[in-house]
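Here the sequence shown is numbered in this note's numbering, starting from 103 and rising by one per residue.
The block underneath contains the structure these notes are about, expressed in structure tokens.
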Amino acid sequence: MLHDGWLRPMQVRPFSRSALELIAERCSHRTYDGASLDPQLRARLVEALESPPGTPFGNEVRLELVESFDARARGVRLGTYGMIQGARDFIVGGVRPGARDMEDFGFVFELAVLQATDLGLGTCWLGGTLKRGAFAEAAGLPEEMIVPAVSPVGRVKARRSLVDSATRALARSSKRKAPSELFFEGSFDRPLDAGGELAQVLAAVRLAPSASNRQPWRTVRAGDGALHFFVRRTPGYASVTAVDLQRIDMGIAMCHFQLAAGELGLEGGWTEMRPEGIPLPPRVEYAFSWRPGPGA
Ligand SMILES: Cc1cc2nc3c(=O)[nH]c(=O)nc-3n(C[C@H](O)[C@H](O)[C@H](O)COP(=O)(O)O)c2cc1C
């Protein structure tokens, strides 16, 4: 069941800047300067982590800042397909197991990542083979909680100039699949020709981080304007770890969609309404839907 009463575009903007701007600016950073966090930034980060929003599907997610994490002493090798250097502090997230737990986790953890971006701090989702127990223990999370991912958080080594960041944002966007491969009208064989706000909202979804940059999110717009979200499974991927990374990716997409829609005044809400009569390509599964309209 979806969590009642929270399914509207966000009413409180949790950032000091435009969410669309932060979404465009965020990228994975793997080299940190090793210094401790500035006390003021630290306080703002902790405040954000301590008050996570409600989750779309109602699962409990907890976020903790783990400082001076001594990876070597704990026998943790950081980064499975990318080296993480100079990382000292981590955002560690836990979720109580339940239906749609990974989607809820993705949603809330990505909000925290964007909050860190807002504070000028670098992050990098780490969810591949991870010593989850070591992080759970350091964060003091209840035993029954799963730690699907963590992220280093801190100053990145070389401060990028604005031009540099903008160039990177463009380059990154070219590392994403074309919108015609992701967003469809009516069925999976017809690319969506979205205009206006919806095009911008979907552009924000397309910039979402995803495990191994697989970009599993697909949407199909139905005749009534509802957007149905699907996950395209990468073969063998779900079984790599106990944690379903591609369901986390779907939660991240949900987060970007909701933030962008809220900012652009696109009213609507999340529902579960599996559409009838849309033939699914191989390895594509229904996830959830977004229904436009006031007070949905
Ligand atoms: C659920 C999830 C797990 C990830 N796990 C790792 C990881 O274990 N190691 C790593 O270096 N990057 C990891 N990443 C980062 C992705 O590789 C990265 O987001 C993607 O390549 C897109 O690049 P960008 O974040 O710079 O836009 C993960 C991302 C997500 C969303």
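Don't be surprised by glycine CBs; every beta carbon is placed ideally from N, CA and C.
Keep in mind that this is a model prediction, so the values were computed, not measured.
Where does residue i sit, in a helix, a strand or coil, going by DSSP?
i	result
valine 215	helix
leucine 167	strand
histidine 131	coil
arginine 234	helix
isoleucine 248	strand
serine 391	strand
proline 403	The question about residue 403 has no answer, for the chain in this structure spans 103 to 398.
proline 281	helix
valine 345	coil
glutamine 360	helix
leucine 109	Note that leucine 109 has pLDDT 46, beneath the 50 cutoff, so the model's placement of it is unreliable and the number below is only indicative. Here leucine 109 sits in coil by DSSP.
leucine 122	helix
leucine 223	coil
phenylalanine 209	helix
leucine 228	strand
Which stretch, first to last residue, makes up the alpha helix (DSSP H) that contains residue i?
i	result
leucine 139	Careful: leucine 139 lies outside any alpha helix (DSSP H) and carries neither H nor E.
glycine 156	No alpha helix (DSSP H) contains glycine 156, which DSSP labels as neither H nor E.
alanine 301	298-308
For residue i, is the classification buried or exposed, using 16 other Cβ atoms within 10 angstroms of its Cβ as the cut-off for buried?
i	result
glutamate 365	buried
threonine 231	exposed
methionine 356	buried
glycine 327	exposed
glutamate 374	exposed
alanine 260	exposed
glutamine 348	buried
glutamate 166	buried
glycine 136	exposed
arginine 292	exposed
serine 153	exposed
glutamate 378	exposed
alanine 362	buried
alanine 86	Outside the displayed range of the chain (103 to 398) lies residue 86, so it cannot be described from this structure.
methionine 352	buried
alanine 201	exposed
glycine 235	exposed
tyrosine 183	Caution is warranted here: a pLDDT of 39 is assigned to tyrosine 183, below 50, making its placement in the model unreliable, and the coordinate value is therefore given only provisionally. Classification for tyrosine 183: exposed.
serine 118	exposed
arginine 385	exposed
arginine 376	exposed
methionine 185	exposed
serine 312	buried
glycine 196	buried
glycine 256	buried
aspartate 295	exposed
glutamine 142	exposed
aspartate 172	exposed
Could you name the residues that DSSP lists as bridge partners for residue i?
i	result
phenylalanine 192	Val168 and Pro254
glycine 370	Pro394
glutamate 239	Paired residues: none, contrary to the question.
phenylalanine 286	Pro293 and Val322
valine 197	Val163 and Ile248
valine 386	Arg334
Assuming residue i is part of the beta strand (DSSP E), what are its boundary residues?
i	result
arginine 323	319-323
arginine 334	329-334
Would you say the beta carbon of residue i is closer than 8 Å to some non-hydrogen atom of ligand 2?
i	result
isoleucine 125	The model depicted lacks ligand 2 and carries ligand 1 instead.
Query raised in the report: With a cut-off of 8 Å, do at least 3 Cβ pairs link the segment 305-322 to the segment 281-293?
Result: Yes: the two stretches touch, three or more of their Cβ pairs being nearer than 8 Å.
Query raised in the report: Are the segment 217-237 and the segment 133-153 touching by the rule of at least three beta carbon pairs closer than 8 Å?
Result: Remark: three or more beta-carbon pairs, one from each stretch, lie closer than 8 Å, so the segment 217-237 and the segment 133-153 are flagged as touching.
**Report entry** Three-pair Cβ contact test at 8 Å for the segment 232-248 versus the segment 321-339
**Finding:** Not touching, per the Cβ criterion.
Requested in this report: Mind the definition here: the segment 156-164 touches the segment 122-142 only if three or more C-beta pairs lie below 8 Å; say whether that holds.
Outcome: Not touching, per the Cβ criterion.
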